[in-house]
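Numbering (this note's numbering), first residue to last: 1 to 140.
Following this line, the structure appears as structure tokens:
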């Protein structure tokens, strides 16, 4: 079990990325990033055509991480961020906190119920790891 105060280790990060990536056919990619923008792990399905170059993809992950953690400054007023969903014409981007210092970023096809996918496929994988500082969506 990971503790939120410890660093996410690479083998654990890869396991989490892979489990989420292959939990549903519509998930294209998963990544785990630290709040300082360091990309710990990034996985993409082999059959998913990249929409960005490798460099653009990494830059996009760093930008998405910064946006996610910038939103957290309002957590005292709004409550803890449970997830963030951005819809693009071609894909959806989802960010879910893993620990207080780590975020899981995913790209998912648009032709799926994203909230259902988060609640029934992705979030149970996160809950299974028992990260103590992530509020369970099931409790809200």
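Even for Gly, the Cβ is constructed at its ideal location relative to N, Cα and C. Just so we're clear, the structure is a prediction, and the values are computed from it rather than from any experiment.
Of the listed residues the options, nearest to residue i (C-alpha basis)
i	options	result
residue 97	110, 21, 123, 76	123
residue 12	35, 42, 36	42
residue 25	51, 117, 32	117
residue 94	31, 56, 101, 48	31
residue 120	23, 15, 63	23
residue 40	88, 101, 112	101
residue 57	70, 105, 111	105
residue 51	75, 112, 88	88
Span of the alpha helix (DSSP H), counted from its first residue to its last, around residue i
i	result
residue 141	Nothing about residue 141 can be read from this structure; the chain reaches only from 1 to 140.
residue 117	114 to 117
residue 77	75 to 78
Span of the beta strand (DSSP E), counted from its first residue to its last, around residue i
i	result
residue 102	102 to 109
residue 62	Per DSSP, residue 62 belongs to no beta strand (DSSP E); it is in the alpha helix (DSSP H), 54 to 71.
residue 86	84 to 87
residue 214	What the structure shows of the chain is the stretch from 1 to 140, and residue 214 is not part of that stretch, so it cannot be assessed.
Pair within 8 Å by beta-carbon distance, residue i and residue j
i	j	result
residue 82	residue 114	no
residue 103	residue 68	yes
residue 107	residue 91	yes
residue 65	residue 33	yes
residue 61	residue 45	no
residue 48	residue 29	yes
Paired residues, beta bridge with residue i - DSSP
i	result
residue 43	30
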